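Chains as they are written, first to last, in our numbering: chain P, 1 to 269; chain S, 1001 to 1223.
See structure below.
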């Protein structure tokens, strides 16, 4: 009896996926595209319908001891909070982290794809891929899909042979090397706290507290950020999660409730 | 010369609500059976729940034609997996397969809002919640569909467990027993039916535990 595979019409091959390893530039995108007279308007309707989860605060910075990475955990669809426990710091491999901002599915999928490519690189070259190389792989893939509506604003943080590395990569095809980045709707607030308190020669504890406070302040003022503030540290031995604190609890830690002096109560006659 | 707008959309919304709750050794997946289009009811007896594997059950609301196509793809892929590995897919594996399947249609999405429930490799209940393009997350409970904005706050109030992102980690198992969870689900749908026009008629509940899978039905308001 022939089994029914009618559900499995061929899906386009993903970019540069199976045939050989890195044969020049990745092939042109070949996802299924609908046959319409007006692709732009159709895409708009599809995007509106999908409404990718936006609104977030993520940050990362390099300091003397390594790289500190922090993020909130709220996902919003328009005005509705679809989740308060989203993992926005993605573990690509034991010594590299990626942050998620923009479309949740886009970030999750392409970070996983990046992890696969990094592993293939290790197997092919018998050494770990550099942060420079990994960020370039991701940026090239995203550039191929430029203008098609992907929404990815990510930071690739890691420790390789040259020491700590931090790159910002986005779905417009941008890729920037830097020492301090914050991405998302809460980033202006986070930058305020981060830029003010940053020194290159901080200890791990001080850097973690700076990262935590920056996320907390962003969640306080930005409605689209909230949930749990996660802080990760990337050192020479790889990444380690340092803390995960509910931002509501952080609020009362930083600003404990002062018992107010009770003034004389007016008595009604 | 004004730009011509599309006058036909390949999508439609058939409404409906799905809920799933994970327990220490069971999982409850429920969905109403009303299928609508616009203000009309197409049928009062349509199942939105699909058993993908022995330990994975998916409930989907949204556009049922896309949901049916998605179910066929997953069933075919599961059959291939069984031929290649000589075993059933685990729930976490099925969760990732569903995520990738949804993302492969990133530029022409399945209009399906899914909740996947089942038992993980240790026999504990697990629920995975999805958006239309495949982003997913393991949670203790979830709801999707037209009544989800009514049901989620209620479940948050009754079941809210510490976030899995907290460090030091706090135990996040739903303390409810199986009968209590089923009762909670019935309460959710009874309330959602009152205030959501697309939810009602009948409730289908599927319960997965060590003993296997069983189904239960409950009547809901038909107005």
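Every residue, glycine too, gets a C-beta built ideally from N, C-alpha and C.
Keep in mind that this is a model prediction, so the values were computed, not measured.
Less than 8 angstroms separates the beta-carbon of residue 1147 of chain S from that of residue 1017 of chain S. About 15 angstroms separates the beta carbon of residue 75 of chain P from that of residue 215 of chain P, a gap too long to meet the 8 angstroms contact definition. Taking the C-beta atoms as reference points, residue 247 of chain P is found nearer than 8 angstroms to residue 226 of chain P. Annotation: residue 1169 of chain S to residue 1145 of chain S spans about 31 angstroms, alpha carbon to alpha carbon.
Between the alpha carbons of residue 1109 of chain S and residue 148 of chain P lies a distance of about 13 angstroms. Around residue 83 of chain P, the same chain offers 75 as residues with beta carbons nearer than 6 angstroms, after the five sequence neighbours per side are excluded.
By the 16-neighbour rule on beta-carbons within 10 angstroms, residue 1211 of chain S is exposed. For the region 1104 to 1135 of chain S, the set of residues with a beta-carbon nearer than 9 angstroms to any beta-carbon of chain P comprises 1104, 1105, 1106, 1107, 1108, 1109, 1111, 1129, 1130, 1131, 1132, 1133, 1134, 1135, in chain order. For residue 159 of chain P, the enclosing beta strand (DSSP E) has its first and last residue at 153 to 160. If you draw a straight line from the Cα of residue 1101 of chain S to the Cα of residue 64 of chain P, it is about 43 angstroms long. Around the beta-carbon of residue 1038 of chain S, fewer than 16 other beta-carbon atoms lie within 10 Å, marking it exposed. The continuous alpha helix (DSSP H) containing residue 1155 of chain S extends over residues 1148 to 1159. By the 16-neighbour rule on beta-carbons within 10 angstroms, residue 1215 of chain S is exposed.
A straight line joining the alpha-carbon of residue 1106 of chain S with that of residue 261 of chain P spans about 59 angstroms. Within chain S, the residues 1167 have their CB atoms less than 8 angstroms from the CB of residue 241 of chain P, given in chain order.
Excluding its 5 nearest sequence neighbours in each direction, residue 1221 of chain S has C-beta neighbours in its own chain below 6 angstroms: 1193, 1200, listed in chain order.
Annotation: the continuous alpha helix (DSSP H) that includes residue 113 of chain P extends over 104 to 125. DSSP places residue 77 of chain P in the strand class (E or B) of the three-state scheme.
In the three-state DSSP reduction, residue 1051 of chain S falls in the strand class (E or B).
Residue 1199 of chain S is outside the set of residues whose beta carbon lies under 8 angstroms from a beta carbon in chain P.
Looking at the backbone, the Cα of residue 31 of chain P and that of residue 1223 of chain S are separated by about 43 angstroms. Taking a Cβ-Cβ threshold of 8 angstroms, the residues of chain P close to residue 1149 of chain S are 80, in chain order.
In the structure shown, residue 195 of chain P adopts helical secondary structure according to DSSP, grouped into three states.
Excluding the 5 residues flanking it on each side, residue 66 of chain P has same chain C-beta neighbours closer than 8 angstroms at 159, 164, 204, 233, 234, 235, 236, in chain order. If you draw a 10 Å sphere on the C-beta of residue 1048 of chain S, you find 16 or more other C-beta atoms in it, and that means buried. For residue 220 of chain P, the enclosing alpha helix (DSSP H) stretches over residues 204 to 221. Residue 1056 of chain S sits in a strand when the DSSP states are folded into three classes.
In the DSSP assignment, residue 1208 of chain S falls within the unbroken beta strand (DSSP E) covering 1202 to 1209.
Residue state for residue 1094 of chain S is assigned as helix, using DSSP reduced to three classes. Counting C-beta atoms within 10 angstroms of its own C-beta, residue 257 of chain P has fewer than 16 neighbours from the protein chains shown and is therefore classed as exposed.
Excluding sequence positions up to five before and after residue 1182 of chain S, its CB lies within less than 8 angstroms of the CB of 1028, 1205, 1207, 1216, all in the same chain and listed in chain order. Under the three-state reduction of DSSP output, residue 1039 of chain S falls in the coil class, being neither helix nor strand. Beyond the five residues adjoining it in sequence on each side, residue 218 of chain P comes within less than 6 angstroms, by CB distance, of 57, 186, 189, 190, 225 in the same chain, given in chain order. Here residue 98 of chain P is buried. Its C-beta has 16 or more other C-beta atoms within 10 Å. Closest in alpha carbon position to residue 206 of chain P, among P:34, P:35, P:68, is P:68.
Around the C-beta of residue 251 of chain P, fewer than 16 other C-beta atoms lie within 10 Å, and the residue is accordingly described as exposed.
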